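Colleague: Residue numbers (this note's numbering), protein chains in the order written: chain A, 905 to 1228; chain B, 905 to 1228. All C-beta atoms, glycine included, are put in the ideal place defined by N, C-alpha and C. It should be emphasised that the depicted structure is a prediction, and the values quoted were computed from it without experimental measurement. Take a look at the following structure, please.
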């Protein structure tokens, strides 16, 4: 038996930032500079939906924070802090929570995003986590999802589909040979998203629209174009895949659809006006994450058109991951 | 079958504030005035813990938002908006969600606290709600939990223990006569907390410390004194009870402990320096919620001492509600 106060003091107070007031108050306090605006986002994760209940507790903690930081990065925001709601199953173990809190604390430091507050309750069912992340942008500089315009070039960061392949491996839905290194890489990509905060400043400077890819490239691009009132043409051969994902595709080309619609990428999808492309590409290259041009925004309001190496249209049965 | 986007557009977009960007972006955007600071709080609620799964959906929605607004009020903050994480059980009904969203929308308007964003996921288990509320205070004016000093007078708003009695009735743990009006009043107090936002300005002006009472007067006062490094003497006959709670106490005086430790009051507990008492009492009276002086902060760091009408010390077996 441990009191709620002891639980907070022991597991969470160590990662509290200044605004968290030692987690001894009812609320956190944050000063925003006069030339900045606040960007706020929230993402919830449930066992059996966003992670496996028996995933390592440190991986669950990192994913819960990072999917939120990924949203901040896509908006061009710098992290300022986060709030954690945690519903612990009745049979929670102190060892589990120690590992969860240690990893969360480490990520909070790594990404300069201290804990500001939270609420820990007993869950009558499974583990449930909700994180609200706060960030700041210079006034008027948040990168919207709605700004894609005909002629803009479409970029993605990193590589696409690794997490979807990792989930496939995690679920033992892959029965072909795959070397251990590729397997580990893909599962790691599923378990540990990398928020592209290094691109935040770059997106503010050059992107007309941006979002992070959480529900798959196809579905998320479709969403971005819909709210922007535009369409697009995507050259599938340009979509960047990791060496490990290419090994999967070589063994079974049908997996392509899964890599493009499976989700959990947490890469940046953005559009850049023609005049800014050169600067964007140069600076993204310097950021070591890379930005790959995969197509172009076009007039119209239909879904994006995907083309293969021979220019033939490719369609996908399943748009994107959806909970409902 | 309804897509996540349709679900957002249909149920939640109508209550989105300007900063919510129509809920079509990954994040919300909020400008904070240069002379203001941000106050942030989060509270999670689970079926079977904070409400009954078969409570009316509109009551669940109101409680989820109001317990957060109650925290803002206690800090002297004015609401700026909220984010909602909602895990819906797999068998959720559109009718249920319509009622939930309508009530939430109505409260968002009533308390001038628009929806800024959120995340709706499928829950493998029960309903789970986490709300993060954002508010603002003039710089340096947030009322801390840590500011109680010896000599300060201790006040509570409204009446104490109504929700604890309401929960007792809701659980059919009361077998004595009680008139229908008193029963309805107490159950309503359990289902529908009233965030004391009307006192926010007053607390900023006059209170040395404040918090909202969510886990019972005894336990929450003990927490406030512990973080303030002080103790207190409370005169139990001064604790304000509603007519309905007094009817319960008249029938069974042993319920007193339950009313003082049961929680869910969502009244304000605050301390006021002697020189500010007169102004505080006058202005709290004008706010029609009332502030009742129940005791005085003292030196020392022990738990508060409670005294009955004859000056005899009274102790409580159970400090406060705790999840763990």
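(1) Please classify residue 1043/A: is it buried, with 16 or more other beta-carbons within 10 angstroms of its beta-carbon, or exposed?
(2) So, are the CB atoms of residue 860/A and residue 1177/A less than 8 Å apart?
(3) With distance defined between alpha-carbon atoms, name the residue in 1085/A, 1189/A, 1103/A nearest to residue 1148/A.
(4) What's the gap between the Cα of residue 1028/A and the Cα of residue 993/A?
(5) I want to check one thing, is the minimum distance from the CB of residue 946/A to the heavy atoms of the ligand COA below 7 Å?
(6) What residues in the segment 1046–1062 of chain B have a beta carbon less than 8 Å from any beta carbon of chain A?
(7) Spatial neighbours of residue 1007/B within its chain, please: C-beta separation below 6 Å, excluding the five flanking residues on both sides.
(8) Beta carbon of residue 1136/A, beta carbon of residue 1202/A: below 8 Å?
(9) Distance check for residue 1175/B and residue 1198/B, CA to CA, integer angstroms please.
(10) Bridge partners of residue 934/A, per DSSP?
(11) Determine, using beta carbons only, whether residue 902/B and residue 1120/B come nearer to each other than 8 Å.
(12) What first and last residue would you give for the beta strand (DSSP E) that runs through residue 1042/A?
(13) Using C-beta distances below 8 Å, list every residue in its chain close to residue 937/B, excluding the 5 sequence neighbours before and after it, in chain order.
(14) For my contact list, residue 995/A and residue 972/A are in at a C-beta cut-off of 8 Å; report their separation, rounded to the angstrom.
(15) Enumerated in chain order, which unbroken segments of the alpha helix (DSSP H) with a length of 4 residues or greater are wholly contained in the segment 1062–1117 of chain B?
(16) Is the Cβ-Cβ distance between residue 984/A and residue 1038/A less than 8 Å?
(17) List, in chain order, every chain B residue whose beta-carbon is nearer than 7 Å to that of residue 921/A.
(18) Do the CB positions of residue 1046/A and residue 943/A come within less than 8 Å of each other?
(19) In chain A, which residues lie less than 7 Å from residue 941/B when you measure between Cβ atoms?
(20) For residue 1118/A and residue 1168/A, which I take to be in contact (beta-carbon distance under 8 Å), what is that distance rounded to the nearest angstrom?
(21) So residue 932/A packs on residue 925/A, CB below 8 Å; how close in whole Å?
(22) Could you please give the first and the last residue of the uninterrupted alpha helix (DSSP H) stretch that includes residue 1142/A?
(23) Could you say if the segment 1125–1143 of chain B and the segment 1180–1194 of chain B meet the contact criterion of at least three C-beta pairs nearer than 8 Å?
(24) For residue 1112/A, decide whether its Cβ has a neighbour in chain B, counting only Cβ atoms nearer than 8 Å.
(25) Please confirm if residue 1008/B has its CB atom under 8 Å from at least one CB of chain A.
(26) Looking at residue 1152/B and residue 1159/B, is the spacing between their C-beta atoms short of 8 Å?
(27) Could you list which residues in chain B have their beta carbon closer than 7 Å to that of residue 1021/A, in chain order?
(28) Measuring only between beta-carbons, confirm whether residue 1165/A sits less than 8 Å from chain B.
(29) Examine chain A for any beta-carbon lying closer than 8 Å to the beta-carbon of residue 1127/B, and answer yes or no.
(30) What's the C-alpha gap between residue 1049/B and residue 1013/B?
(31) If you count every other CB in all the chains shown that lies within 10 Å of the CB of residue 1215/B, and 16 or more means buried, which is it?
(32) Return yes when the Cβ of residue 1060/B is within less than 8 Å of the Cβ of residue 1172/B, no when it is not.
(33) Residue 1207/A CB to nearest chain B CB: under 8 Å?
(34) For residue 1174/B, which beta-bridge partners are listed by DSSP?
(35) Tell me whether the beta-carbon of residue 1021/B lies closer than 8 Å to the beta-carbon of residue 987/B.
(36) Indicate whether at least one CB of chain A lies closer than 8 Å to the CB of residue 1136/B.
Modeller: By the coordinates alone:
(1) exposed
(2) As shown, chain A starts at 905 and ends at 1228. That puts residue 860/A outside it, with no answer to give.
(3) 1085/A
(4) 6 Å
(5) This structure lacks the ligand COA, and indeed carries no ligand of any kind.
(6) Against chain A - using a Cβ distance shorter than 8 Å - the residues of the segment 1046–1062 of chain B are 1046, 1048, 1049, 1050.
(7) 962, 965, 966
(8) yes
(9) 10 Å
(10) Per DSSP, the beta-bridge partners of residue 934/A are 942/B.
(11) This structure does not reach residue 902/B, given that chain B is present from 905 up to 1228, and the question cannot be answered.
(12) Note, residue 1042/A: beta strand (DSSP E), 1032–1042.
(13) 1040
(14) With a Cβ gap of about 27 Å, residue 995/A and residue 972/A do not count as contacting.
(15) DSSP runs (the alpha helix (DSSP H)) wholly in the segment 1062–1117 of chain B: 1066–1074, 1084–1095, 1104–1110.
(16) Yes. Within cutoff.
(17) The premise fails here: residue 921/A is roughly 12 Å from chain B at the closest Cβ pair, so nothing lies under 7 Å.
(18) Contact: yes.
(19) 933, 934, 935
(20) The C-beta separation of residue 1118/A from residue 1168/A comes to about 7 Å, placing the pair in contact by the 8 Å criterion.
(21) 6 Å
(22) Run containing residue 1142/A: none; DSSP gives neither H nor E here.
(23) no
(24) no
(25) no
(26) yes
(27) Neighbours of residue 1021/A on chain B, chain order: 944, 945, 946.
(28) no
(29) yes
(30) If you take the alpha carbons of residue 1049/B and residue 1013/B, they lie about 28 Å apart.
(31) The residue is exposed, with fewer than 16 neighbouring Cβ atoms inside 10 Å.
(32) Residue 1172/B places its beta carbon less than 8 Å from that of residue 1060/B.
(33) At a cut-off of 8 Å, the C-beta of residue 1207/A has no neighbouring C-beta in chain B.
(34) 1059/B, 1114/B
(35) The Cβ-Cβ distance between residue 1021/B and residue 987/B falls below 8 Å.
(36) No, because no Cβ of chain A sits closer than 8 Å to the Cβ of residue 1136/B.
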